[in-house]
């Protein structure tokens, strides 16, 4: 289990490189760290994580269906078509599910870390943020969800670049690998047309209602909701409590230092997107399954936190900002190490 702790400590000690402007030094280190973070889940064995045994069964079952069966949804497995098609394609060349893990890890990791490097003001802090909150849950366990979320990073990127064809294609791919991405069809119009920043401060406060009333069972009354979702009604919630608290602190920090933090349209769009995730997490705090939806938005915190810090770094309180940068890194290290517990991420002990 020591290897998991080593990953977080290495990412932590690299955070000061955010202040090194020489890319000839920092870029190779960032690439090397990214390659290792990709290779670690790519070459794991079946059984190291919670879901790989089920993924192996899905891989074996793909041999029983034709490409046409999968494309038309003529199969019984509760698996999105994109991922099932990938399994079918790999099964033609090999009977080893490891190749599926390798492909998923490479594509997910490349999308994640290239996005971070391109868009984050402090890429090493962002990568520590990503692995502390998302890496163990996504890249090892929920690999379909991980790939879908990675696609959403670039969907937003291409949308803001007005490259609508690429953004639309990525959204379709994201939905084909995990249907959680469908929520984007509702969120994007809201983010586009609701621009008042005060709304995104008030919204999480209103959504505190979720601490007292669970609206998830109400959603299940909507027609055509998949029947398997009923299995999640009695799941324990509360796993997103830190996300709610941290998210609200980030939003409040923006408004407290609003004079020093001027966001352009691109940055403001991402901030609004992130704030929706915080609000939804508060509203559905009692439903663990709904955290898949909220984390889809909250993942943009890996950009928002460095963005706020970099804006404040231009003020007279730059030494306090550097200290805050360090404190955040320490918190992320602590949080990531706590997630390694076999009581939370079973069975990460091999």
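In our numbering, the protein residues as written are -10 to 339.
No residue lacks a Cβ here, since even glycine has one placed at the ideal position from N, Cα and C.
Backbone CA spacing between residue i and residue j [nearest angstrom]
i           : j           : result
residue 287 : residue 152 : 23 Å
residue 202 : residue 233 : 16 Å
residue 136 : residue 144 : 12 Å
residue 77  : residue 158 : 21 Å
residue 89  : residue 269 : 32 Å
residue 253 : residue 260 : 10 Å
residue 241 : residue 262 : 15 Å
residue 283 : residue 38  : 23 Å
residue 239 : residue 55  : 48 Å
residue -2  : residue 64  : 44 Å
residue 131 : residue 124 : 10 Å
residue 376 : residue 185 : Residue 376 lies beyond the stretch modelled for the chain, which goes from -10 to 339, so this question has no answer here.
residue 4   : residue 310 : 14 Å
residue 150 : residue 57  : 35 Å
residue 134 : residue 281 : 8 Å
residue 142 : residue 42  : 28 Å
residue 102 : residue 96  : 10 Å
residue 359 : residue 175 : Outside the displayed range of the chain (-10 to 339) lies residue 359, so it cannot be described from this structure.
residue 245 : residue 190 : 11 Å
Expected contact under 8 Å - CB spacing of residue i and residue j to nearest Å
i           : j           : result
residue 100 : residue 139 : 4 Å
residue 87  : residue 325 : At roughly 26 Å, the Cβ-Cβ gap does not stay under 8 Å, so residue 87 and residue 325 are not in contact.
residue 26  : residue 15  : The Cβ separation is near 16 Å, so there is no contact.
residue 321 : residue 118 : 6 Å
residue 179 : residue 279 : So it is not a contact: roughly 17 Å between Cβ atoms.
residue 74  : residue 59  : 5 Å
residue 48  : residue 318 : Not confirmed; about 38 Å, so no contact.
residue 355 : residue 297 : Outside the modelled stretch of the chain, which goes from -10 to 339, sits residue 355, for which no answer is possible.
Cβ shell of residue i (< 6 Å), same chain only, five flanking positions each side left out
i           : result
residue 115 : 105, 109, 291 and 295
residue 52  : 80
residue 197 : 271
residue 113 : 3, 4, 6 and 7
Nonlocal neighbours in the same chain, by C-beta distance under 8 Å from residue i, ignoring five residues either side
i           : result
residue 107 : 146
residue 91  : 31 and 32
Residues near residue i in its chain [Cβ-Cβ closer than 7 Å; skip 5 each side]
i           : result
residue 336 : Unreliable positioning characterises residue 336 in this predicted model, as indicated by a pLDDT of 45, which lies under 50. The coordinate reading is nonetheless provided below. Nothing meets the Cβ criterion.
residue 94  : 27, 30, 31 and 128
Touching by the beta-carbon criterion (3+ pairs, under 8 Å), the region 17 to 24 and the region 69 to 84: Output reads no: the region 69 to 84 does not touch the region 17 to 24.
Three CB pairs or more closer than 8 Å across the region 292 to 307 and the region 244 to 255: A contact exists between the region 292 to 307 and the region 244 to 255.
Stretch pair the region 64 to 74 + the region 159 to 173: three plus CB contacts closer than 8 Å: Short answer: they touch.
Length-filtered (4 minimum) alpha helix (DSSP H) runs lying within the region 89 to 147: Segments of the alpha helix (DSSP H) lying fully in the region 89 to 147: 112 to 119.
Length-filtered (4 minimum) alpha helix (DSSP H) runs lying within the region -10 to 43: For the region -10 to 43, whole alpha helix (DSSP H) runs of length 4 or above, ordered along the chain, are -9 to 2 and 12 to 31.
Unbroken stretches of the alpha helix (DSSP H), 4 residues or longer, contained in the region 249 to 295: Unbroken alpha helix (DSSP H) stretches of 4 residues or longer found wholly inside the region 249 to 295: 254 to 272 and 280 to 287, given in chain order.
Segments assigned alpha helix (DSSP H), at least 4 residues, entirely inside the region 150 to 197: If one requires a minimum length of 4 residues, the alpha helix (DSSP H) runs lying completely within the region 150 to 197 are 153 to 166, 173 to 182 and 186 to 195, in chain order.
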